[in-house]
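I have placed the structure first, in the form of structure tokens, so that the comments after it can refer back to it.
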Amino acid sequence: VTVSVANSGGSPTSPYMYGIMFEDINQSGDGGLYAELISNRAFQNQSLKSWSAVGDSTVTLDTTTPLSWALPRSAKVKSGKGKTAGLKNSGYWGIDVKKADTYTGSFYSYGAYKGNFKASLVSDITNQTLASTKIKSKSVADSWTQHTFELHPAKNAANSNNSFVLEFTPCKETELKFNLISLFPPTYKNRPNGMRRDLMEKLAELKPSFLRIPGGNNLEGNFAGNHWSWDSTIGPLEQRPGRMGVWEYDNTDGLGLVEYMHWAEDLDVEVVLAVPAGLYLNGDVVPESELGPFVEDALNELEFLKGDISTPYGALRAKLGHPKPWDIKFVEVGNEDNLWGGIDSYKSYRLKIFYDAIKAKYPDIFIFSSTDEFTYKESGRDYHKYTRPDYSVSQFTLFDNWTTTHPVIIGEYATIQNNTGKLEDTNWDNPKNAWSNWIGSVAEAVFLLGAERNADKIWGTCFAPLLQNLNNYQWAPDLISFSANPADTTLSVSYPIIKLFSSARITHTLPTTSKEKPNFGPLYYAAGRGADSSYILKAAVYNSTNSEDVPVNVHFDGLKHGAKATLTVLTAPDGGWAKNTPGHGDAVKETVKHLTVGKGGHVEFSLPDLSVAVLIAGNK
Ligand code: AHR
Numbered sequence: 001v002t003v004s005v006a007n008s009g010g011s012p013t014s015p016y017m018y019g020i021m022f023e024d025i026n027q028s029g030d031g032g033l034y035a036e037l038i039s040n041r042a043f044q045n046q047s048l049k050s051w052s053a054v055g056d057s058t059v060t061l062d063t064t065t066p067l068s069w070a071l072p073r074s075a076k077v078k079s080g081k082g083k084t085a086g087l088k089n090s091g092y093w094g095i096d097v098k099k100a101d102t103y104t105g106s107f108y109s110y111g112a113y114k115g116n117f118k119a120s121l122v123s124d125i126t127n128q129t130l131a132s133t134k135i136k137s138k139s140v141a142d143s144w145t146q147h148t149f150e151l152h153p154a155k156n157a158a159n160s161n162n163s164f165v166l167e168f169t170p171c172k173e174t175e176l177k178f179n180l181i182s183l184f185p186p187t188y189k190n191r192p193n194g195m196r197r198d199l200m201e202k203l204a205e206l207k208p209s210f211l212r213i214p215g216g217n218n219l220e221g222n223f224a225g226n227h228w229s230w231d232s233t234i235g236p237l238e239q240r241p242g243r244m245g246v247w248e249y250d251n252t253d254g255l256g257l258v259e260y261m262h263w264a265e266d267l268d269v270e271v272v273l274a275v276p277a278g279l280y281l282n283g284d285v286v287p288e289s290e291l292g293p294f295v296e297d298a299l300n301e302l303e304f305l306k307g308d309i310s311t312p313y314g315a316l317r318a319k320l321g322h323p324k325p326w327d328i329k330f331v332e333v334g335n336e337d338n339l340w341g342g343i344d345s346y347k348s349y350r351l352k353i354f355y356d357a358i359k360a361k362y363p364d365i366f367i368f369s370s371t372d373e374f375t376y377k378e379s380g381r382d383y384h385k386y387t388r389p390d391y392s393v394s395q396f397t398l399f400d401n402w403t404t405t406h407p408v409i410i411g412e413y414a415t416i417q418n419n420t421g422k423l424e425d426t427n428w429d430n431p432k433n434a435w436s437n438w439i440g441s442v443a444e445a446v447f448l449l450g451a452e453r454n455a456d457k458i459w460g461t462c463f464a465p466l467l468q469n470l471n472n473y474q475w476a477p478d479l480i481s482f483s484a485n486p487a488d489t490t491l492s493v494s495y496p497i498i499k500l501f502s503s504a505r506i507t508h509t510l511p512t513t514s515k516e517k518p519n520f521g522p523l524y525y526a527a528g529r530g531a532d533s534s535y536i537l538k539a540a541v542y543n544s545t546n547s548e549d550v551p552v553n554v555h556f557d558g559l560k561h562g563a564k565a566t567l568t569v570l571t572a573p574d575g576g577w578a579k580n581t582p583g584h585g586d587a588v589k590e591t592v593k594h595l596t597v598g599k600g601g602h603v604e605f606s607l608p609d610l611s612v613a614v615l616i617a618g619n620k
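Residue numbering for the sequence shown follows mature numbering (1 follows the signal peptide of the UniProt record, and there is no 0), beginning at 1 and increasing consecutively.
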């Protein structure tokens, strides 16, 4: 295949081409990225899930003495005849215990007790104590008292089958209540109430430019009133009631709006903040006459984030420790408002009302419609696609004729089912693949290349879902799978592609021509200038004839004879069926070749079938 890359023309690209999308699905927040180790720490599950009694004590759920309006339930521990009483938490399917780490804990107790508490981490397999500390009780008869402690393990645990135990020594019959029992390992960038380091590092390696939060379906809610509500997710944990999320588990909302902003700060990314727009997953739509409070809520949220401290919500932010406003530049109104019977109301009043109100107060904010089916004034739009490999490849040219007037965030995409021999989109009645496979990931790369060569129309792209707790998930395939044990972390075969493409950003596309007809297939590509005046060709080979290697002769008008080029190629075995699974996470092979640009700016190489490549060359 011959490809000629011009040295002028094309267009500047969006600086946000690669980002990440997060919602609490697959226990990706609670039990995932949010580093809290204690599951059901404040009984927001409305049960004693994850808790058990120590020795012959008994544990019951109690609502007679609420810790706060938000956390009305506590665990009542009644001692038995044994020397010790207390409760034990199994964590989010285990707790990882490392010698090098300090574990920071706290709990509230209620009831008179003069002795010591003992907090420990113990192995479920051997019963061995891995770390333990005494905490002098401050507990009194008629009120809640908070205790804090640290645990310093003496050695690494053999595995993550460990629990947290909180005990006391009863004097005759003792009855104590406990709530908000919390334990954190060191967090990413040492944020209090922060995020799991190893997973955040994997996100940082993707070099994302934006974070789309907080959903996804979890933004919308299952039924009237069940939407994600920003002001329930801020402030002290004692004031966060949590909520039953839409993905079949309770959200503590410990990972709330401020934590999202910290996350964005720590990765140095812009936030695309989705606001609930009055559409619920059961099809309930808020009528126009009742939409006012939703719009006001969105404006309050923006004031909380952006307002100076003279504004009521800006002052609230300052009171919570953040006098400096955050800079929210992008807002999305709702999520997938083309689904669940939402499109008519979205077209007739919902997008318009939010758009006009937000723009009136914050003209600098760019607003995305949550669907590609409808735009309003200068809104961008959101395109979601979960599909099959061949269909994904067929979308390479999808954006060619779209307008630049309404830039698109590809807010969710993935190949989730296999080819059928016909060009078919997803059949939602069929199961999704458990793991991304390589043919699907290469097909996603082709789709991304279609976005890249239309980078004046495409604002950004993000794979979804981002994260999967292997012990409780609702949606596969996902980009990063994990458990309590960091050794289980598995990067899908799509991950290295996104990392490669994101690391080689085209800042200005350049027009390409080819002698071959059709121009594209089996080699798909996009080209342009990168930082430091480099020239970049990104390519993918999908289904070459007889699976043969594709010879590529690319000529850059702008490259001089003798210039140096680096070619990075990703391949995987098994004819497209390769996948990464826990313990087998290295299916994708990266090969790097150093090439020299020939006469007339030509670079020659060949690419295997089902490969993804980036060529970066520079005259210096
Ligand atoms: O990513 C999983 C779900 O797919 C999202 O919550 C929703 O937006 C989409 O339908």
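C-beta: ideal position from N, C-alpha, C; glycine also.
Enumerate in chain order the residues of its own chain whose CB-to-CB distance from residue i is below 8 Å, with the five nearest sequence positions on each side excluded.
i	result
ILE353	GLU288, LEU291, VAL295
ALA531	ARG505, THR507
LYS81	ASP56
LEU48	ASN40, VAL59, THR60, LEU61, ALA75
ASP586	ASN580
Grab me the residues of residue i's own chain with a C-beta within less than 7 Å of its C-beta, minus the 5 sequence neighbours each way, in chain order.
i	result
ASN553	THR2, HIS602, GLU604
GLN146	SER106, TYR108
LYS78	SER57, THR58, GLU175
LYS189	ASP266
PHE223	TYR280, ASN282, ASP284
Would you kindly check if the distance between the Cβ of residue j and the Cβ of residue i is under 8 Å?
i	j	result
LEU255	LEU33	yes
LEU470	SER483	yes
PRO12	THR405	no
VAL5	TYR535	yes
ILE213	TYR280	no
PHE117	LEU166	yes
TRP459	TYR16	yes
TYR542	ALA443	yes
residue 623	ALA277	Outside the shown range of the chain (1 to 620) lies residue 623, about which nothing can therefore be said.
LEU273	ALA357	no
ALA565	THR509	no
TYR18	PHE501	yes
LYS306	THR169	no
SER441	SER494	yes
At a threshold of 7 Å, does residue i count as lining the ligand AHR (C-beta to nearest heavy atom)?
i	result
ILE498	no
ASN472	no
ASN430	no
GLY215	yes
GLU412	yes
HIS384	yes
ILE234	no
GLU336	yes
GLU23	yes
PRO465	yes
TRP228	no
TRP475	yes
Kindly list the residues whose CB is nearer than 6 Å to the CB of residue i, restricted to its own chain and excluding five residues on each side of it in sequence; keep chain order.
i	result
LEU211	ILE20, ALA264, VAL269, VAL271
residue 623	Absent from the model: residue 623. The displayed extent of the chain is 1 to 620, so no value can be given.
TRP230	LEU257, GLU301
residue 653	The chain is shown only over 1 to 620; residue 653 falls outside these bounds and no answer can be derived.
> Does the count of Cβ pairs from the segment 247–254 and the segment 13–26 closer than 8 Å reach three?
Replying inline: yes
So within the segment 369–419, which uninterrupted alpha helix (DSSP H) runs reach at least 4 residues, ignoring any that extend past its ends? If one requires a minimum length of 4 residues, the alpha helix (DSSP H) runs lying completely within the segment 369–419 are 389–394, in chain order.
Can we say the segment 336–351 touches the segment 365–376, given the rule of at least three CB pairs closer than 8 Å? In short, these stretches touch, since the Cβ pair count reaches three.
| In chain order, which continuous runs of the alpha helix (DSSP H) of length 4 or greater are located wholly inside the segment 498–556? | none
| Taking three-plus beta-carbon pairs below 8 Å as touching, is the segment 230–242 in contact with the segment 68–76? | The segment 230–242 makes contact with the segment 68–76, as at least three CB pairs between them are under 8 Å.
(message) Check whether the segment 567–582 and the segment 512–523 touch, using three or more Cβ-Cβ pairs below 8 Å as the test.
(response) no
Discussion item. With a threshold of 8 Å, are at least 3 pairs of Cβ atoms found where one atom belongs to the segment 436–452 and the other to the segment 152–172?
Written reply: no
Ranges of the beta strand (DSSP E) found wholly within the segment 281–336, counting only runs of at least 3:
330–333
### Query
Would you say the segment 80–100 touches the segment 132–147, given that touching needs at least three Cβ pairs under 8 Å?
Contact between the segment 80–100 and the segment 132–147 is absent, with fewer than three C-beta pairs closer than 8 Å.
* Asked: Hey, which unbroken runs of the beta strand (DSSP E) at 3 residues or more fall wholly within the segment 187–222?
  -> 210–213
message: Quick check on the DSSP output: what are the complete alpha helix (DSSP H) runs of length 4 or more inside the segment 232–267, in order along the chain?
response: 257–267
My parser needs the beta strand (DSSP E) runs of 3 or more residues fully inside the segment 131–194; what are they?
Those beta strand (DSSP E) runs which fall completely within the segment 131–194 and span 3+ residues are 144–151, 162–168, 175–184.
Next item on the list: Output the residue ranges of the alpha helix (DSSP H) runs that lie fully inside the segment 4–62 and measure 4 residues or longer, sorted by chain position.
Entry: Counting whole runs of 4 or more residues, the segment 4–62 contains no alpha helix (DSSP H) stretch at all.
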